[in-house]
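Start counting the sequence shown at 1; every next residue gets the next number (our numbering). All C-beta atoms, glycine included, are put in the ideal place defined by N, C-alpha and C. Note sheet for the following structure.
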Amino acid sequence: MFPSGGGRHLNTIAGEKNRMSHDLFEAAKTAMAKAYAPYSKFPVGAALRTEDGRVFAGANVEVASYPEGWCAETTALGHYIMGGGGRIVEIAVIAERMAKCSPCGGCRQRLAEFCQPDTKLYLCDNTGVAETVTMGDMLPYGFRGDILK
1 MFPSGGGRHL NTIAGEKNRM SHDLFEAAKT AMAKAYAPYS KFPVGAALRT EDGRVFAGAN
61 VEVASYPEGW CAETTALGHY IMGGGGRIVE IAVIAERMAK CSPCGGCRQR LAEFCQPDTK
121 LYLCDNTGVA ETVTMGDMLP YGFRGDILK
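Following this line, the structure appears as structure tokens:
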């Protein structure tokens with residue numbers, strides 16, 4: 001289970017607001033440009049970096065049967081799994097019309113399956129990092145697979 005960190009409040013990591021690598025931001029932004037969002041007109045992009053430096057990106061994909069679409073984070077996780085996985089060390093999320101776009105609750109839980117509480121999560125706008133938090137901040141009481149063992 002993630003430590004509570006700052007309770008219900010997101011804690012910006014001091015001094016790390018703009019330390020995300022440019023290539024991670026560009027991967028998320030490029031993915032956002034490829035989003036399929038004909039209904040909401042709300043494109044989102046996400047990119048994850050593994051410990052060995054690989055970057056996996058994804059965009060949201062909407063379908064007419066609304067709840068069956070995929071969030072950008074879910075698409076990026078699919079690419080990550082197909083690419084062999086590894087330890088995720090940082091994640092960037094960007095939306096065209098929203099500063100500090102954060103993963104939805106379902107995506108927070110999906111990401112937690114493959115991340116550690118200290119994994120950095122960059123909430124971006126069109127110019128770069130708007131806020132840096134950790135997965136522990138985003139999902140302090142997440143359900144973990146080790147509970148099932």
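Pull the bridge partners of residue i from the DSSP assignment, please.
i      : result
TYR36  : VAL61
GLU131 : LEU123
ILE88  : THR50
ALA95  : VAL44 and MET98
Just checking my contact of residue i with residue j at CB under 8 Å: how many whole Å lie between their CB atoms?
i      : j      : result
GLY58  : GLY86  : GLY58 to GLY86, Cβ: 16 Å. No contact.
GLY142 : GLN109 : 6 Å
Taking only three categories from DSSP, how would you classify residue i?
i      : result
GLY105 : helix
PHE56  : strand
GLU51  : coil
LYS149 : coil
PRO117 : coil
ARG19  : coil
Is it right to say residue i is buried, meaning 16 or more other beta carbons lie within 10 angstroms of its own, or is it exposed?
i      : result
ASP52  : exposed
GLY45  : buried
PRO103 : buried
GLY136 : buried
PRO43  : buried
How far does the alpha helix (DSSP H) with residue i in it extend, from its first residue to its last?
i     : result
LEU77 : 72-82
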